[in-house]
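*Asks:* Take this structure first; my questions come after.
Residue numbers (the working numbering), protein chains in the order written: chain A, 594 to 770; chain C, 7 to 819; chain Z, 19 to 307.
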């Protein structure tokens, strides 16, 4: 069997796995590790749906063989929430309605994590520039941009994961346009 | 049918004020699972012992399949089955087809004997995983004998052109011309006739998630379960069972959330048929999930592809009298939904204007391309674009301000029957226009434009006003025929409400596959409004087709209105039963009770009350506390039928009411055209929509934003390009270009609310949002920008190539 | 859309990588750099190499060194790392600018400088840049290293002077003062440009003493706009000269058309973008960047 033993640290968990060289990282995450939050969109590196962080930097996991990630640290959307607490980005996407069908959302969130790590105080235009590599067919991007800016504000304010009452957010009326 | 013989409209409703939840932009109920990456899409679903499949596609636009040799593929590692088109035709019947003459343009899940477009499925392989399935595809030897391709729709109509379907004897699948009103008289009396030739090329929804299904057949009892991300047209799923040759009562289609549709997952049954067929063959569950190439080339859901020759009869003061529309629509190789797209256009063919008569001729052409399906607007967005180009041209030729010509022709009395017989239930077009002009800063932008022109820059302002029909009805699919084979009229939607022993409410939906809209949020807000509870406390269940109540599913911007009707009906039944129970418990007459604040109380004595939870626990657990005729439990269902459909007249001079809840919008993009590169960029974009009463304003705004983005794609970037040999040149996202965040302007969204008199709360649909308007508005804006050069674009998308070619042509003449 | 099977190795040195290429030549061994072009092609099964030699572990290929007047960029330097490099931005600002146009940041996190150059897409940015900068490409093969001038490197669409058993190791870029620019037109942000223009201009007392202009997207390889360079060299350019140079560049072109732009449109765009590129480079030359 043409396979390679690789080690991936995924969301902090060290995993040793034997893979065929041709197996795409996105398929290893989804099929072998059960992390189906990372989605397959175009499989040729254009849409950004499969975006994950590899050693802190966003990559397209649909055009990366898992063997290329051997030894790397990978973060996926499943790493964001802490139990019941959503990550500030997730909470802001919810509040601002930065998603409709949800399919681009994990990739968009992971790119946004990188964006805020690089630029903790992004403007709306910074976000517009920064997410241009991730297609969204539903939202027109506007509420995504608003959400990323809002999340960055909260994260700078040291709110960390304390993003309010996630469980009873019904009373938190999202801002109307 | 004459105006006097029209059936009476439904009763006008009194709408409540002081709503608690309807009208609030609450956080969407759907979102938490998606934010966590736990959406549970079809690709996430694993059924025990599941196998995977892949389809071999035709590399030819038009060819005879001489032979298929699957020997090597059958022997390949991990392969469980190899099924050719001929095999499939032994296993299944033709696909569900609403076309004009399905027997003469037979559509099957895999091609048999002949391929009719690049990308058409030829063979399916079932294997342990998708990698191995694709490996096996490479080992299949197909011998083709290429035939001359039929690509150009006008050429396709010429005698002597090769035939896409020999049995049809022609490439014209359908032709009809309707006259509504006295078109000849109106044209004879007109001062000016404005003519135009327009071309709208095909684009498509391209959701980021493709279509997929898992078929799971149990040979021991003949039951077929299909998990699928298309569950619309639930009432028609018996047709899927028919194709699979299983009894309809042994098919259970189960919905999974769809990662976007935009129409393109509407009754998208091919994956379900293939997965179901494969499962039957191998005796194990089989997944068939399109890849991106298939979703572009073989999705059966390309959008409209039309050529228009149109004439507008206008008076010198700008009054529009009549319109003649002659359109050729390139449907591709099959025509699954017939010309329903043109029925859709006829619902609002005169736009917001008092145009007195209409001639509409359509020719549906078959060519060697992937077939049309549904794409946000379903053909009426194309009509909006055509009409607004004509109105804009009329304003220019008559030297009337674009705002003035629209105001001169606005419909102002409602309900208003347009010449085709459809009704516009309500509207206030002046108010929408006023709001849009103010929000845009229209006068300011006209000044900016004047200054820019003086500097040699090309700025344009694209004011348009157009309709967004909502809540579709079935007649648009068959009023084309004098003797339709299936003149169905049922378009119901159903909801079951259950109040459990603790007072918790669960709503069951029967056709509502989530696909990016907000059915859970809508239902939760409406239930919360009815029951004075918190919408986030309402539980929502999606029921598959098994044990389903009659339902039609999303499409034609119908979901919220239809669900609201079903919830209203089910709520009334729940409250009636609860009231009877409360009357017994409080020892008063039913007439003395009223619903208030989440319970039932004695009128004038609010201390004498029972909460819904108190009543529910007794109804569930204490049967003998009640009279004999009160059954245990508290659950009620409502099958809500379309609230306003009337039949077409026998002579088709009047098509009846089929799309009555009429939304309206005004879009004003401000663009700059770089005349050296042909690039169009946005300086500003205003959109004001009136979709009646809003349930969740921000989610509606989201549809406007997203729809406008797709409209920008249609106007400027997106096109499925087939070359002269029928090869699909835009078969990847490197060539099928969609708007990124940087192609989108920061939009200014405004809402106006003119409640429908005929729907619960006055809600109208708004799901197709900005795509109904943006192509028209952007084309008008580009033409406004280029007017000083004498350039007028008449073809979408307005790619740099088309813009520069038009400028070169203008300079050459 | 899954890639065909192949075998794989990730050697730690160039020598080992070369050995792998030679010993697996019969399997159509290919070098894997960032994979941002190769892997999509494999997913479409348009490329089916039987053996991939991944260069990601070879540290010596991932360095950026400014040594005197020569900037050395390792072939495996990720584009995003190059964008952040102060040395690179100082010595070859055109390259920094061009990188911002290459697809999107996420692609540039994986994509490498050498990978893009060796892929030799005629529309791509970096081949035009190395052509305009008169870069030298250092190549290792079984018989040792050789240096190929950028002008000799690109031999056709997606083809180069690299032999199948050779590896592109290093891009050596002469440091120039003066003004540099990279401009391009793409239909949407991040999509492949229809035309891209790389321009370097040195001025002495407002006179052009050096000019090199390379254009992407208008021929089988990136091409130098020599006719435009001739107009500018020795001139003190004004608006008329610049337009004459752009016209001269456009007149010399005979691009083929595709679904995004006809031949004539590409010529018209090249005229416009050569002008914009010259204006920008001149402006920077005049203002010391």
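Note that CB positions come from ideal geometry on N, CA and C, so glycine has one too.
1) Find out if the Cβ-Cβ distance for the pair residue 760 of chain C, residue 383 of chain C is shorter than 8 Å.
2) Residue 893 of chain C bridges to which residues according to DSSP?
3) How long is the line joining the alpha carbons of residue 452 of chain C and residue 346 of chain C, rounded to whole angstroms?
4) Is DSSP giving residue 198 of chain Z helix, strand or coil here?
5) So, for residue 621 of chain A: in the same chain, excluding its five sequence neighbours on each side, which residues have a beta-carbon less than 8 Å away from its beta-carbon?
6) What is the DSSP secondary structure of residue 690 of chain A, reduced to helix, strand or coil?
7) Shorter than 7 Å, the distance from the beta carbon of residue 427 of chain C to the closest heavy atom of the ligand SAH, or not?
8) Within its chain, find whatever has a CB closer than 8 Å to the CB of residue 257 of chain Z; leave out the 5 residues flanking it on each side and keep chain order.
9) Short check: CB of residue 661 of chain C to CB of residue 426 of chain C, under 8 Å?
10) With 7 Å as the C-beta to C-beta threshold (strictly closer), list the residues of the stretch 633 to 644 of chain A near chain Z in chain order.
11) When you compare the CB of residue 42 of chain Z with every CB in chain C, is at least one pair closer than 8 Å?
12) Mark residue 26 of chain C as exposed unless 16 or more other C-beta atoms lie within 10 angstroms of its C-beta, in which case mark it buried.
13) Between residue 700 of chain A and residue 122 of chain Z, is the Cβ-Cβ spacing less than 8 Å?
14) According to DSSP, is residue 187 of chain Z helix, strand or coil?
15) Which value, in whole angstroms, describes the spacing of the CA atoms of residue 51 of chain C and residue 392 of chain C?
16) Locate the alpha helix (DSSP H) running through residue 108 of chain Z, then write down its first and last residues.
17) Below 8 Å, can you find three or more Cβ-Cβ pairs linking the stretch 182 to 189 of chain Z to the stretch 86 to 104 of chain Z?
18) How many Å lie between residue 627 of chain C and residue 579 of chain C at the Cα?
19) Give me the subset of the stretch 676 to 708 of chain A whose CB atoms are less than 7 Å from a CB atom of chain C, sorted by chain position.
20) So if DSSP puts residue 82 of chain Z in a beta bridge, which residue, or which two residues, is it bridged to?
21) Report yes if the C-beta distance between residue 415 of chain C and residue 326 of chain C is below 8 Å; otherwise report no.
22) Helix, strand or coil: how does DSSP classify residue 18 of chain C here?
23) On the three-state DSSP scale, how would you describe residue 804 of chain C?
24) Identify, in the order they occur along the chain, each residue of the same chain with its Cβ nearer than 7 Å to the Cβ of residue 31 of chain Z, setting aside the five sequence neighbours on each side.
25) Distance check for residue 44 of chain C and residue 36 of chain C, CA to CA, integer angstroms please.
26) Roughly how far, in whole angstroms, is the beta-carbon of residue 369 of chain C from the beta-carbon of residue 163 of chain C, given that I think they are within contact range, below 8 Å?
27) Does residue 712 of chain A have its Cβ less than 8 Å from a Cβ in chain Z?
28) When DSSP labels each residue in this structure, what does residue 4 of chain C get in the three-state scheme?
29) Count the other CB atoms, across all protein chains shown, that sit within 10 Å of the CB of residue 21 of chain Z; report buried if there are 16 or more and exposed otherwise.
30) What do you reckon, are the CB atoms on residue 31 of chain C and residue 128 of chain C nearer than 8 Å?
31) If I'm right that residue 118 of chain C touches residue 531 of chain C with Cβ under 8 Å, what's the distance once you round it to whole angstroms?
32) Taking the alpha-carbon positions, what's the residue 25 of chain Z to residue 663 of chain A distance?
33) Smallest Cα separation from residue 94 of chain C: which of C/79, C/114, C/110 and C/564?
34) For residue 332 of chain C and residue 13 of chain C, what's the separation of their Cα atoms in angstroms?
35) Does residue 763 of chain C have its Cβ less than 8 Å from a Cβ in chain A?
36) Does the pairing of the stretch 674 to 685 of chain A with the stretch 702 to 717 of chain C give three or more beta-carbon distances under 8 Å?
*Replies:* Concretely, from the data shown:
1) Cβ atoms of residue 760 of chain C and residue 383 of chain C: not closer than 8 Å.
2) Nothing in the structure corresponds to residue 893 of chain C, since chain C is present only between 7 and 819.
3) Residue 452 of chain C and residue 346 of chain C: Cα-Cα distance of roughly 40 Å.
4) Correct three-state label for residue 198 of chain Z: strand.
5) The beta carbon of residue 621 of chain A sits closer than 8 Å to those of 601, 610, 612 and 659, all from its chain and outside the five residues before and after it, given in chain order.
6) The answer is coil: DSSP assigns residue 690 of chain A none of H, G, I, E or B.
7) Summarising the ligand content, the structure contains no ligands, and the ligand SAH is consequently not present.
8) Taken in chain order, the list of residues that qualify is empty.
9) Yes, the pair counts as a contact, with Cβ atoms nearer than the cut-off.
10) For the stretch 633 to 644 of chain A, the set of residues with a beta-carbon nearer than 7 Å to any beta-carbon of chain Z comprises 636, 637, 638, 641 and 644, in chain order.
11) Not closer than 8 Å to any Cβ of chain C, the Cβ of residue 42 of chain Z fails to qualify, so no.
12) With fewer than 16 other Cβ atoms within 10 Å, it is exposed.
13) Result no, Cβ atoms of residue 700 of chain A and residue 122 of chain Z do not sit closer than 8 Å.
14) Strand, per DSSP.
15) Roughly 43 Å between the two C-alpha positions.
16) Counting along the chain, the alpha helix (DSSP H) containing residue 108 of chain Z begins and ends at 104 to 109.
17) Three or more Cβ pairs closer than 8 Å define a contact, and the stretch 182 to 189 of chain Z meets that threshold against the stretch 86 to 104 of chain Z.
18) Roughly 20 Å separates the two Cα atoms.
19) Taking 7 Å as the upper bound on Cβ-Cβ separation, chain C lies near residues 679, 683, 686, 687, 688, 690, 692, 693, 694, 695, 696, 697, 698 and 699 of the stretch 676 to 708 of chain A.
20) Bridge partners of residue 82 of chain Z: Z/91.
21) Yes, the Cβ-Cβ distance between residue 415 of chain C and residue 326 of chain C is below 8 Å.
22) The answer is coil: DSSP assigns residue 18 of chain C none of H, G, I, E or B.
23) The answer is coil: DSSP assigns residue 804 of chain C none of H, G, I, E or B.
24) Same-chain partners within the cutoff: 76.
25) C-alpha separation (whole angstroms): 11 Å.
26) In this structure residue 369 of chain C touches residue 163 of chain C by the C-beta definition: roughly 7 Å separates them, less than 8 Å.
27) Using beta-carbon distances, residue 712 of chain A does not count as an interface residue toward chain Z, since no partner is under 8 Å.
28) Since the first residue shown for chain C is 7 and the last is 819, residue 4 of chain C is missing from the structure and cannot be characterised.
29) Looking at its Cβ environment, which holds 16 or more other Cβ atoms inside 10 Å, residue 21 of chain Z is buried.
30) Not a contact, by the Cβ cut-off of 8 Å.
31) Residue 118 of chain C to residue 531 of chain C, Cβ: 49 Å. No contact.
32) Approximately 15 Å between the Cα atoms of the pair.
33) Among C/79, C/114, C/110 and C/564, the Cα nearest to that of residue 94 of chain C belongs to C/114.
34) Between the alpha carbons of residue 332 of chain C and residue 13 of chain C lies a gap of roughly 31 Å.
35) Answer no: the Cβ-Cβ gap between residue 763 of chain C and chain A never drops below 8 Å.
36) No, because fewer than three Cβ pairs between the stretch 674 to 685 of chain A and the stretch 702 to 717 of chain C fall closer than 8 Å, the two stretches do not touch.
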